[in-house]
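Student: Taken in order, these protein sequences are the chains called W and B.
Take the first sequence: its position 88, counted from the start at 1, is 88 in my numbering, and no numbers get skipped.
Take the second sequence: its position 334, counted from the start at 1, is 334 in my numbering, and no numbers get skipped.
Ideal Cβ placement from N, Cα and C applies to all residues, glycine included.
Remember, it's a predicted structure, so these values are computed and weren't measured experimentally.
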Amino acid sequence: MNWAKYLEKNSIKLMLIGALAALGGLAIAGGGIAYADKPSFCSSCHSMQYVAATWQESNHRQFSCGECHLPQENIIEKLMVKNQTGMHDTYHELLRDYPDTIRVSAKGRGIIDHNCLRCHAYTVAKTPMSAGGQSCTKCHRGMIHNQIGIKEGVPVE
Amino acid sequence: MNRTQKLLIALIALIAVFTGGIISRVWLFKPQSTIKLVKLSAGEYDTEVWGKNYPLQYAGYKKNLEMASSPTGYGGSVKAQKAEMQPELYTNFKGNAFSKDYTEDRGHPYAMEDLRESKRIGPAAKGACITCKTPYVEQFYNETGWGYANKPLTELMDRAKHPVNCANCHDPETMGLRVINPAFREAMQKRGIDVSKASREEMRSYVCAQCHSEYYFEPTTYKVVFPWDKGLTPQQMYEYYSGKPNGFTQDFIHTDSQVPVLKAQHPDYEEWQNGVHGQFGVSCADCHMPYMRKNGQKFTAHWITSPLKTIGESCSPCHTQGKELLFSQVKAVQDNVWQLQHTAGQTVARAHTAIQQAGAKPAVNQVELTKARDLLRQAQWYWDYVAAANSMGFHNSVQELNTLGQAIDLSHQAIDAANKAAGTNTL
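1. Return the chain-ordered list of same chain residues with a C-beta closer than 7 Å to the C-beta of G278 (chain B), the five sequence neighbours on each side being excluded.
2. Can you round the beta-carbon distance between N96 (chain B) and V137 (chain B) to whole angstroms, since I take them to be within the 8 Å contact cut?
3. Thinking G405 (chain B) and L340 (chain B) are a contact (beta carbons under 8 Å), I'd like their distance in whole angstroms, please.
4. Quick check: what's the CA-CA separation for P152 (chain B) versus G192 (chain B)?
5. For the stretch 165-179 of chain B and the stretch 47-61 of chain B, state whether three or more C-beta atom pairs, one from each stretch, are separated by less than 8 Å.
6. By the DSSP assignment, the alpha helix (DSSP H) with K420 (chain B) in it spans what residues?
7. Do T305 (chain B) and P155 (chain W) have their CB atoms nearer than 8 Å?
8. Going along chain B in order, which residues have a C-beta closer than 9 Å to the C-beta of R96 (chain W)?
9. What does R200 (chain B) reach in chain W if we use C-beta pairs closer than 8 Å?
10. Per DSSP, G76 (chain B) forms a beta bridge with which residues?
11. Name the one or two DSSP bridge partners that M292 (chain B) has.
12. What is the C-beta distance between R204 (chain B) and V195 (chain B), in whole angstroms, given that I count them as a contact (C-beta under 8 Å)?
13. Are there 16 or more other CB atoms within 10 angstroms of the CB of H88 (chain W), so buried, or fewer, so exposed?
14. Would you tell me roughly how many angstroms separate the C-alpha atoms of E67 (chain W) and I75 (chain W), rounded to the nearest one?
15. Nearest by alpha-carbon distance to S411 (chain B): which of B:S70, B:T343, B:G296 is it?
16. Can you find a C-beta in chain B that's less than 8 Å from the C-beta of P39 (chain W)?
17. Along chain B, which residues have their Cβ under 8 Å away from the Cβ of C45 (chain W)?
18. Using 8 Å as the limit for Cβ to Cβ distance, is P172 (chain B) near chain W?
19. Which residues of chain B have a Cβ atom closer than 8 Å to the Cβ of T85 (chain W), listed in chain order?
20. Can the beta-carbon of T428 (chain B) be found closer than 8 Å to that of A183 (chain B)?
21. How many angstroms separate the CA atom of C287 (chain B) from the CA atom of L369 (chain B)?
22. For Q236 (chain B) versus A388 (chain B), is the C-beta distance shorter than 8 Å?
23. Return the residues of the stretch 407-427 of chain B that lie within a Cβ-Cβ distance of less than 8 Å from chain W, sorted by chain order.
24. If distances are taken between C-alpha atoms only, which option among W:K107, W:A19, W:P128, W:I111 comes closest to E73 (chain W)?
25. I'd like the list of long-range same chain contacts for F41 (chain W), defined as Cβ closer than 8 Å, with 5 residues on each side in sequence excluded.
26. Starting from the beta carbon of V156 (chain W), find every residue of chain A whose beta carbon is closer than 9 Å, and list them in chain order.
27. Are the CB atoms of A399 (chain B) and N274 (chain B) nearer to each other than 8 Å?
28. Express the C-alpha separation of A68 (chain B) and K62 (chain B) in angstroms, rounding to a whole number.
29. Just to make sure I have the definition right: I need the residues of chain W whose C-beta is within less than 7 Å of the C-beta of S316 (chain B). Which are they?
30. Skipping 5 residues on each side, what residues in its chain have a beta carbon closer than 7 Å to that of N425 (chain B)?
31. Give a yes or no on contact between the stretch 77-96 of chain B and the stretch 255-263 of chain B, applying the rule of three or more CB pairs nearer than 8 Å.
32. What residue range is occupied by the uninterrupted alpha helix (DSSP H) comprising T54 (chain W)?
33. So, for W303 (chain B): in the same chain, excluding its five sequence neighbours on each side, which residues have a beta-carbon less than 7 Å away from its beta-carbon?
34. From G153 (chain W) to Y291 (chain B), what distance separates their C-alpha atoms?
35. In the DSSP assignment, what are the bridge partners of Q134 (chain W)?
36. Indicate whether at least one CB of chain W lies closer than 8 Å to the CB of E44 (chain B).
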């Protein structure tokens, strides 16, 4: 087969196919990102069911998990963190070695605290809190994932 | 097929297996979120039968066989004489079998064995003693009501084949929580609480409270009674005992001082319900039987021991300060309580001696001597309320430190009164 001749003859067709493939790829990737952004996806992991249930009872249930748990400044950083934490979570979901009470990592806490200020910056603007380096959730803990709000236990069926 | 094609197919197959594996393990075949009910028949008391059907819980229950000292050094499940650490016990329980044999308690599976081995139990021992040692108490009570309490203990021991186990707290047909100690049900009823209507969260403490509480045997019938009519604090229970309930006056008369002594028995529930955890709705099981996971499956730990062995599961769901800080806080509380408990016990012992010596004087003032004995009776009750309980005061440190402070003060008052009775008081 003469590749040069083949390309020359089918250049328009190939370009169209390439463009369609790219569009298709983008659609799948975009759809995947949108799908994986939903709380229903996060809570499809067994280890996340409890935190999803507590969030459902909170006054922040109109926000999705990622709005607090992922960096929101730029999409590249967001996707990088999402992939990193997603792989971490999937790994432990596979091993089934997660504890009953899941704690946020120091890095994760930093992301959350930063995201609090996306909405609540004005509240702390004139206080020493605005200087940064403070953790909102150190005091305002249990606000979203308050264990008291929901029924605990292991049902017997 | 050429080599490239083969490699390509192999690669695709590998990816398919990898993704398929993840999808099936993470999404299709999740770990169990519920426990499958296996109905057992009413009156099933065999631990093995329960264990076969509930292996995760059974594995935890078997861990109760472990004998180890507690992480802080107070209590634990090693069978050793408590008097090794507190020699004052020999003095304070003179005239009672507790001065001969008073060991640290081991886990639930040893309940019957330890009852048999106890030197406090003689041929005259009554069936009442078996109330909290075995699930068979349900059967005994169903057969004869409180009549079992007055039967010879040996007769009932032969029939009770299993120690405290699943059936003490679980309904065999529904696996729901239940209490089978009639004394607890009666005591709660007197407080206006119908245990059969309790919520699951309340039951997570009641199942423990049915035995980890203070009690006495009603004279002549040997019925087990909880002294809760006036309340659950040491003061309120002392007031209750002062009224000679059902003709009950004392557990024993002290050999040296002739004080009619009340022996406290592990008022763990009473301490806790008035303490910070009890008041804020944290149940016994929340700390002593935390939720755990094995292969992703959530279950309640049935290894009932010091929560300091499971800080991550027991404490960390609420307290995020880290294991070391939490441990040191508990240790500090217990060190403080132990210091005062030891002092209180020793002062009580000194008061017994002071009263004995005063009583030996021919010209002793009987009015003052009686006063001294009354004061010491109360002092010893306060000291023993803390000393007999588990947790070295942690269940309610504020109340227990206060109780011990009162025990020390009352003992000194008793010593003063004894000296006055003997005519040697210089004050």
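Tutor: Based on what the coordinates show:
1. Cβ neighbours of G278 (chain B) beyond the five flanking positions: W272.
2. Going by Cβ atoms, the distance from N96 (chain B) to V137 (chain B) rounds to 24 Å, so no, they are not a contact pair.
3. Yes, they are in contact, since the Cβ atoms of G405 (chain B) and L340 (chain B) sit about 7 Å apart, within 8 Å.
4. Looking at the two C-alpha atoms, the distance is approximately 33 Å.
5. Contact holds: three or more Cβ-Cβ distances are below 8 Å.
6. In this chain, the alpha helix (DSSP H) harbouring K420 (chain B) covers 397-422.
7. Their beta carbons are not under 8 Å apart, which means T305 (chain B) does not touch P155 (chain W) by this criterion.
8. By Cβ distance, chain B contributes R25, P31, R293, K294, N295, G296, Q297.
9. Per Cβ cutoff of 8 Å: G153.
10. Residue pairing by DSSP places G76 (chain B) opposite B:S69 in a beta bridge.
11. Answer by DSSP bridge pairing, in chain order: B:F299.
12. Taking a contact as a CB-CB distance under 8 Å, the pair R204 (chain B) and V195 (chain B) does not count as one, their CB atoms being some 13 Å apart.
13. Classification for H88 (chain W): exposed.
14. If you take the alpha carbons of E67 (chain W) and I75 (chain W), they lie about 12 Å apart.
15. Of B:S70, B:T343, B:G296, the residue nearest in Cα terms is B:T343.
16. So, not an interface residue.
17. C45 (chain W) reaches chain B at V26, counting residues in chain order whose Cβ is nearer than 8 Å.
18. P172 (chain B) does not count as touching chain W.
19. Those do not exist, as T85 (chain W) stays about 15 Å from chain B at its closest Cβ, beyond 8 Å.
20. Lying outside 1 to 427, the shown extent of chain B, residue 428 (chain B) is not represented and no answer is given.
21. Going from the Cα of C287 (chain B) to the Cα of L369 (chain B) covers about 46 Å.
22. No Cβ-Cβ contact shorter than 8 Å links Q236 (chain B) with A388 (chain B).
23. Residues of the stretch 407-427 of chain B with a Cβ closer than 8 Å to any Cβ of chain W: none.
24. The residue from W:K107, W:A19, W:P128, W:I111 with its alpha-carbon nearest to that of E73 (chain W) is W:I111.
25. Hits under 8 Å: Y35.
26. Reference to chain A is not applicable here, since the protein chains of this structure are W and B.
27. Note that residue 399 (chain B) is Gln in the sequence shown, not Ala. It is a contact, given that the beta carbons lie within the stated cut-off.
28. If I take the Cα positions, the gap works out to 14 Å.
29. T101, listed in chain order.
30. When the five nearest sequence neighbours on each side are left out, the beta carbons in the same chain lying within less than 7 Å of the beta carbon of N425 (chain B) are those of D416, N419, in order along the chain.
31. With a cut-off of 8 Å, the stretch 255-263 of chain B and the stretch 77-96 of chain B count as touching, because enough Cβ pairs lie within range.
32. 49-56 is the extent of the alpha helix (DSSP H) around T54 (chain W).
33. If we look at W303 (chain B) and ignore the five residues flanking it on each side, its Cβ neighbours are G60, K63, N64.
34. Here the C-alpha atom of G153 (chain W) lies approximately 8 Å from the C-alpha atom of Y291 (chain B).
35. Answer is none; Q134 (chain W) lacks a bridge partner.
36. Under the 8 Å criterion on CB atoms, E44 (chain B) is classed as non-interfacial with respect to chain W.
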